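Quick notes on the structure that follows.
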Amino acid sequence: MTVKDAMTFNDAMFSNTGWIQVWFYWLGLAIVATPLVLAFSKSTRRDALIVLLTNISVIASMGWLYQKIGYVRLLGIVHVVLWTPLFVYLWSRAKNGVIVAAKRLCPGDPCHAVEKHSLPNRCQRS
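Written out as structure tokens, the structure is:
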């Protein structure tokens with residue numbers, strides 16, 4: 006057994022340097038912050054739970070896949086398989102106006118994410 010074989014998944018992840026390690030910290034922040042931010046609004050609490058469960062699934066799947074194949078690029082397939090449907094779901098919720106902050110990023114009318122009573126004159130419709 007070599008030293009590399011004895012590494013845990015976290016040891017292998019953080020053995021990287023430079024921008025890759027920054028990327029891992031950024032992902033860790035996003036994994037924790039996204040469900041917390043979504044949980045503040047009643048209309049997005051279900052979305053927060055879905056994001057949280059997806060993130061837990063990603064973490065568990067990455068650990069399992071790491072044990073099977075080691076620290077290789079193929080580990081990224083877990084993100085594609087689990088986060089792509091999550092992204093599509095959240096994007097559709099944003100387009101339907103449920104996730105208002107993200108809806109501002111959607112193409113279309115620049116005033117569609119603001120409540121009607123707070124619309125500036127230039128955005129009010131006749």
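Numbering (the numbering used here), first residue to last: 6 to 131. For every residue, glycine included, the Cβ atom is placed at its ideal position computed from N, Cα and C. None of the values given here were measured: they were computed from a predicted structure.
| Asked | Found |
| --- | --- |
| Considering only their Cβ atoms, is the gap separating Val93 from Ser66 smaller than 7 angstroms? | no |
| Name the two residues that bound the continuous alpha helix (DSSP H) containing Lys47. | Here Lys47 belongs to no alpha helix (DSSP H), and DSSP marks it neither H nor E. |
| Go ahead and pull the three-state DSSP assignment for Tyr71. | helix |
| Please state whether DSSP places Tyr76 in a helix, a strand or coil. | coil |
| What residue range does the alpha helix (DSSP H) around Thr89 cover? | Ile82 to Lys100 |
| Is the CB-CB distance between Thr39 and Leu91 below 7 angstroms? | no |
| Between the alpha carbons of Trp24 and Gly81, how many angstroms are there, rounded? | 17 angstroms |
| From Leu54 to Lys73, what distance separates their C-alpha atoms? | 28 angstroms |
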